[in-house]
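**Q** Quick one: the structure is below, questions incoming.
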Amino acid sequence: MAVCARLCGVGQSRRCRRRQRNDQQDQGSDSDMDEEEEERIVGQRRSDAGTAGGPGRVAAAAAATAGPSDACEDGSGHINRGGSNRGPLHPESLMELPPELLVEIFSLLPGTVLPNVALVCKKFRQILNTETIWRRRCVEEFGMKEDLRKMEAGGVSSQDLYVKRVVLRVKSGRFMKLLPDYEHMDYRDVYTHLLHPYRHILGLWQPDIGPYGGLLNVVVDGLFIIGWMYLPPHDPRVEDPMRRRPLFRIHLMESKKATVECMYGHKGPHKGDIQTVKKDEFSTKCNQTDHHRMPGGRQEEFRTWLEEEWGRTLEEIFHEHMQELILMKFIYTSQYDNCLTYRRIYLPPVMPSDLLQPGLFKGTYGSHGLEIVMLSFHGTSARATKLTGDPNVPAGQLTLDVDLSQPVDLPELDKQRNIDELSRIILEIHGKVQREAEQPACGPSANVGHAAEGAGGVERAAEEAMEVDHGACTDACQSGPSSSSPPSEAKPFVLPLGVIARNEVYPRTCRKSFYGTGLIAGHGFTSPERTPGLFVLFDEDRFGFIWLELKSFSLYSRLTDNLPHAHAPNMERFEAMLCNMQSWTS
């Protein structure tokens, strides 16, 4: 009967029996499936393949058309002949992944590529409507808070900007204010219509206000993009925190359209405009300048400006020269209340061999008040560049140039009080440096930091300074808060008699001191010259400079504000920015 069955084609063929014997050897005592069980499983697979659709079932349908002789071995060494675990063991495309996994994957992509992902298929477009994806992009790319419905926006005043809860109607004690209906906004709208279109203006900028300059920080603040003008504390309190004044803000209205508002003046937000002039440059314009005027005319505006700028009235300023400087600044800066142009600036890169962490500092400048400088390191040179300036030395100029290869050993306190003794030490080093500078250069890396000005000269100086910074700085340079060089012991320090200090409270100990030069000039930046002086490092956040010729002392204190989107991508970009900054005011 068995022989007849094989001849009639009924039953298992020799080929199937050979495969069955191999399967039995692999699986031990597993019993063979009878023919009825085979037909039932195959029929069930074909039925499942016919009802299930989509690209994720292609592999399952292909498996259903194969009989038990086509059973394959899975990764664990067992034969997968069917059952409940159908479909591919490993998805062959993103289409086969579950939606929750696609949400996680898409959340990791930059927001700029998500519109292209939505064009792939309908499934991707639907998944990209998930709030989780866009919330993560807003938080990671722009630092936005986690929940739009419980947002607290730090702002200008309770009447203009500050909100406790972002709802349609705000009630808070003394005031009630209507706000846009943020309850119906989602993260995709915020990203698409607000953050992404204006991402290029985030960061630090310097306004073009002639010799005075300034510091603007554009940040994401709650549901707004706000341009904060940073103002030094009132003279002479150099260690007080910076003051901030909003110049403009951008936010979404109910129409999902970004609106620009000017914040200048004392009548609240009003219509404004922002235009991108070119890369790393933009301008703002006020469309309602009548909001800047006061009922009392220019006199009331001047009194209000003076109180905000200096923290005092004109009658309290007895120095006649200072009164002239203050009035001159008010007249000059008030011309820019309706339109301003800003140019991008970067924070200096941090190198392991830096004497201290570079960054922004507030400094005292005599009758000109407090000004903001940027401290950066270039090989054996430490440089302080003005971000805010005055009619004598405008913003963008190199106010201090410190030679870190020329340390100064301070004498005893009695001799430190003698201005003649300190001058003798500094002038001796000054003469030595000048003689070395006049000698012929011995190689391409000689006289680093004194290269010719201009774009080409600055780039060459940057390359040479980088070489010195990585290998040529010796122990005499005394550079660096690095792991291998612990901070120096504090040494007693006192100002020489006759040296004028705007701030009588200054540190009485210092870590190190170096020879350096400071830039002085006449009114209108006439007859500029570099005069020798002493750079004194007090700690990580404070340093000073003694101007020997002027017999004055400037104390500098670090800005501790958080400044996102402000770091230079590399040293070359930072050097080019410094070169352009000097050309703006030259």
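The sequence shown: position 310 = 311 (my numbering), numbered continuously. Even for Gly, the Cβ is constructed at its ideal location relative to N, Cα and C. Predicted, not measured: the structure shown is a model, and the values here were computed from it.
Is it right to say residue 285 is buried, meaning 16 or more other beta carbons lie within 10 angstroms of its own, or is it exposed?
**A** As a working mapping, residue 285 is identified with position 284 in the sequence shown. Buried.
**Q** For residue 258, count neighbouring Cβ atoms within 10 angstroms of its own Cβ and tell me buried if that reaches 16, exposed if not.
**A** Your numbering for residue 258 matches position 257 in the sequence shown. The residue is exposed, with fewer than 16 neighbouring Cβ atoms inside 10 Å.
**Q** Nearest by alpha-carbon distance to residue 143: which of 219, 508, 312 is it?
**A** Counting from 1 along the sequence shown, the entry for residue 143 is found at position 142. Nearest of 219, 508, 312 to residue 143, Cα basis: 219.
**Q** Taking C-beta to C-beta, are residue 508 and residue 543 nearer than 8 Å?
**A** As a position in the sequence shown, residue 508 is number 507, starting the count at 1. As a position in the sequence shown, residue 543 is number 542, starting the count at 1. Cβ distance < 8 Å, so residue 508 and residue 543 count as in contact.
**Q** At the level of alpha carbons, what is the spacing between residue 294 and residue 415?
**A** If you number the sequence shown from 1, residue 294 lands on position 293. If you number the sequence shown from 1, residue 415 lands on position 414. Their backbone Cα atoms lie some 56 Å apart in a straight line.
**Q** From what residue to what residue does the alpha helix (DSSP H) around residue 530 run?
**A** If you number the sequence shown from 1, residue 530 lands on position 529. It is not in any alpha helix (DSSP H) - residue 530 instead sits in the beta strand (DSSP E) that spans 527-540.
**Q** Of all the options 527, 545, 262, which has the alpha carbon lying nearest to the alpha carbon of residue 339?
**A** Counted from its first residue, the sequence shown places residue 339 at position 338. Of 527, 545, 262, the residue nearest in Cα terms is 262.
**Q** Going by DSSP, name the residue or residues bridged to residue 516.
**A** As a position in the sequence shown, residue 516 is number 515, starting the count at 1. Note: residue 516 sits in a beta bridge opposite 535.
**Q** Can you confirm whether residue 275, when its beta carbon is compared against all beta carbons of chain B, has any partner nearer than 8 Å?
**A** Considering every chain present, this structure includes no chain B. It has just one protein chain.
**Q** Roughly how many whole angstroms lie between the Cα atoms of residue 567 and residue 526?
**A** As a first step, residue 567 must be located in the sequence shown, where it is residue number 566. As a first step, residue 526 must be located in the sequence shown, where it is residue number 525. Spanning the two alpha carbons is a distance of roughly 29 Å.
**Q** Nearest-angstrom Cα distance between residue 96 and residue 132?
**A** Working through the sequence shown from its first residue, we reach residue 96 at position 95. Working through the sequence shown from its first residue, we reach residue 132 at position 131. If I take the Cα positions, the gap works out to 20 Å.
**Q** Report the residue ranges of all beta strand (DSSP E) runs contained in full by the stretch 376-400; include only those spanning at least 3 residues, in chain order.
**A** If we require 3 residues or more, the beta strand (DSSP E) runs fully inside the stretch 376-400 come out as 382-387.
**Q** So residue 220 is in the beta strand (DSSP E); what residue range does that whole segment cover?
**A** Numbered from 1 along the sequence shown, position 219 holds the residue referred to as residue 220. Element bounds for residue 220: 217-222.
**Q** Which runs of the beta strand (DSSP E) at least 3 residues long sit entirely within the stretch 397-423? Give them in chain order.
**A** The stretch 397-423 contains these whole beta strand (DSSP E) runs: 399-408.
**Q** Counting Cβ pairs closer than 8 Å, one from the stretch 538-557 and one from the stretch 323-342, do we hit at least three?
**A** No, the stretch 538-557 does not touch the stretch 323-342.
**Q** Take residue 550 and list the residues in its own chain whose beta-carbon comes closer than 6 Å to its own, dropping the five residues that flank it on each side.
**A** Position 549 of the sequence shown, counted from the first residue, corresponds to residue 550. So the list reads 532, once near-sequence residues are dropped.
**Q** How long is the line joining the alpha carbons of residue 105 and residue 203, rounded to whole angstroms?
**A** Along the sequence shown, one-based indexing puts residue 105 at 104. Along the sequence shown, one-based indexing puts residue 203 at 202. Cα-Cα distance, rounded: 27 Å.
**Q** Under three-state DSSP, which class holds residue 494?
**A** Along the sequence shown, one-based indexing puts residue 494 at 493. If DSSP states are grouped into helix, strand and coil, residue 494 belongs with coil.
**Q** Starting from residue 322, follow the alpha helix (DSSP H) in both directions and report where the run begins and ends.
**A** On the sequence shown, residue 322 is found 321 positions in, with the first residue counted as 1. 321-334 is the span of the alpha helix (DSSP H), which, as asked, contains residue 322.
**Q** On the DSSP letters alone, give me the boundaries of the beta strand (DSSP E) that residue 559 sits inside.
**A** If you number the sequence shown from 1, residue 559 lands on position 558. Here the beta strand (DSSP E) through residue 559 covers 553-559.
**Q** Determine the contact status of residue 521 and residue 554, defining contact as a CB-CB distance below 8 Å.
**A** Position 520 of the sequence shown, counted from the start, is the residue given in the question as residue 521. Position 553 of the sequence shown, counted from the start, is the residue given in the question as residue 554. No, Cβ-Cβ distance for residue 521 and residue 554 is not below 8 Å.
**Q** What did DSSP end up calling residue 434 once you bin it into helix, strand or coil?
**A** On the sequence shown, position 433 is the one that residue 434 refers to. Helix, per DSSP.
**Q** Nearest to residue 100 by alpha carbon, out of 347, 117, 134?
**A** Here residue 100 corresponds to residue number 99 of the sequence shown, with the count starting at 1. With distances taken between Cα atoms, residue 100 lies closest to 134.
**Q** Going by DSSP, which residues form a beta bridge with residue 368?
**A** Walking along the sequence shown from the start, residue 368 turns up at place 367. Partner(s): none; residue 368 has no beta bridge.
**Q** Using a 10 Å radius around the Cβ and a threshold of 16 neighbouring Cβ atoms, would you call residue 287 buried or exposed?
**A** Position 286 of the sequence shown, counted from the first residue, corresponds to residue 287. Result: buried.
**Q** Is the CB-CB distance between residue 373 and residue 233 below 8 Å?
**A** The residue you call residue 373 lines up with position 372 of the sequence shown. The residue you call residue 233 lines up with position 232 of the sequence shown. Yes; because the gap between Cβ atoms is below 8 Å, this pair is in contact.
**Q** Does the stretch 239-254 come close enough to the stretch 416-436 that 3 or more CB-CB pairs lie under 8 Å?
**A** No, the stretch 416-436 is not in contact with the stretch 239-254.
**Q** For a test of the three-state rule: what should DSSP assign to residue 207, helix, strand or coil?
**A** Locating residue 207 in the sequence shown gives position 206, counting from the first residue. Three-state DSSP puts residue 207 in a strand.
**Q** Closest by CA to residue 222, which one among 493, 191, 584, 298?
**A** Here residue 222 refers to the residue found at position 221 of the sequence shown. Selected option, being the one with the closest Cα: 191.
**Q** Assuming contact is defined by CB atoms lying nearer than 8 Å, are residue 389 and residue 375 in contact in what I supplied?
**A** The sequence position of residue 389 within the sequence shown is 388, counting from 1. The sequence position of residue 375 within the sequence shown is 374, counting from 1. The answer is no: Cβ separation not under 8 Å.
**Q** Just reading off the beta strand (DSSP E) that residue 545 is part of, what are its end residues?
**A** One-based indexing of the sequence shown puts residue 545 at position 544. Where residue 545 is concerned, the enclosing beta strand (DSSP E) stretches over 543-548.
**Q** Please classify residue 195: does DSSP put it in a helix, a strand, or coil?
**A** Looking up residue 195 in the sequence shown gives position 194. Residue 195 falls in the helix class under three-state DSSP.
**Q** Please return the same chain residues whose Cβ sits closer than 6 Å to the Cβ of residue 370, not counting the five positions on each side in sequence.
**A** Stepping through the sequence shown from its first residue, residue 370 is reached at position 369. Taken in chain order, the residues that qualify are 236.
**Q** May I have the straight-line CA-CA distance separating residue 358 from residue 290, to the nearest angstrom?
**A** In the sequence shown, counting from the first residue as 1, residue 358 sits at position 357. In the sequence shown, counting from the first residue as 1, residue 290 sits at position 289. The alpha-carbon atoms of residue 358 and residue 290 are separated by roughly 42 Å.
**Q** Given residue 497, which residues of its chain have a CB within under 7 Å of its CB, disregarding the five upstream and five downstream residues?
**A** Here residue 497 is taken as the residue at index 496 of the sequence shown, counted from 1. 417, 418, 419, 420, 423.
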